[in-house]
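Numbering (our numbering), first residue to last: 310 to 627.
Quick look at the structure:
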């Protein structure tokens, strides 16, 4: 299987016939062994029925996964990835705002040697203040924090080489951070401009609350990317800063006591300094515990702390 196309579906019964028609026009001319995996994320309309009736009429290899309830887009994508067999995995929304015809653009970019290709909705057809502006802010923030520069993390239309999707699990709203995880595993990441269309049928499942969730998830991503293998640098660094600050305050109080005879114990800075020192010491202990947990995690699973792209063996002819 060369290509797996994963499409999460939630209440898109009116869009599905148009999606299937466009997919058929896009996939068949590629002449690649493919599979299309639809993941019904607990739809309350007739989406599942329409999928079952119409998909088999158009495609040779279709798999429909019905989740027991609505788990969210990230979980639906994770279910599709777990059941995919293709060497190349493409993610796509079912709302027809992303154009399936752009799949060939992603595949062409992969052929240039990249491992992850992300779509960029440069001319996005959404409401500016409720959708576009929060997305622009979130994209700039994610790029600045992670160091993986993309214009459009929220675009579901992305292509991945299979091996870079099997090195981590998805939680929360983490699907938009897949390029970050993949890049941390050594993937070459690129971006291509794709078409974007206004929604014709159904209602958007996104709101301003999604941006807040993404920002909160960004803290987790930053920790996992930068400190999961060396947590002592975070907790120990914070602990040392707090302990140095505590020492500086105590030195200040001591100087006041020597030169101006001001009591140390009566000052509120004394209690604050003791509290800060204790917090710093606890942070150091947390760093040590995190180091032990990290080493247990890697060693108990024989999990390497590195990733290998390729190995070449050459010997001189004699």
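Backbone N, C-alpha and C define an ideal beta-carbon position, used for all residues, glycine too.
Since the model is a prediction, treat every value here as computed from it, not as a measurement.
Asked: Cα-Cα separation, residue 473 to residue 504; Found: 25 angstroms
Asked: Integer-rounded CB distance, given that residue 348 should sit under 8 angstroms from residue 317; Found: 5 angstroms
Asked: Through-space distance from residue 345 to residue 369, alpha-carbon basis; Found: 9 angstroms
Asked: Residues that DSSP places opposite residue 505 in a beta bridge; Found: 407
Asked: Nearest neighbour of residue 354, chosen from 329, 544, 323, 578 [CA to CA]; Found: 323
Asked: Distance between residue 365 and residue 499 (C-alpha atoms, nearest Å); Found: 34 angstroms
Asked: Candidates 384, 321, 379, 392: closest to residue 359 by CA position; Found: 321
Asked: Of the residues 496, 620, 556, 486, the one placed nearest residue 522, counting alpha carbons only; Found: 486
Asked: Residues of its chain near residue 576, where Cβ-Cβ distance is below 7 angstroms and the 5 sequence neighbours each way are ignored; Found: 562
Asked: Alpha-carbon spacing of residue 470 relative to residue 330, whole angstroms; Found: 26 angstroms
Asked: Contacts around residue 588, its chain only, beta-carbon distance under 7 angstroms, and the 5 residues preceding and following it disregarded; Found: 551
Asked: Cβ-Cβ distance between residue 582 and residue 558 below 7 angstroms; Found: yes
Asked: Three CB pairs or more closer than 8 angstroms across the segment 458 to 467 and the segment 529 to 537; Found: no
Asked: Test item: CB-CB of residue 436 and residue 507 under 7 angstroms; Found: no
Asked: Nearest to residue 659 (by Cα), restricted to the options 483, 311, 547, 377; Found: Because residue 659 is not part of the residues shown, which for the chain are 310 to 627, the question remains open.
Asked: Start and end residues, alpha helix (DSSP H) containing residue 391; Found: 382 to 391
Asked: Coarse secondary structure for residue 348, derived from DSSP in three states; Found: strand
Asked: Best match in 406, 388, 412, 404 for proximity to residue 334 [C-alpha to C-alpha]; Found: 412
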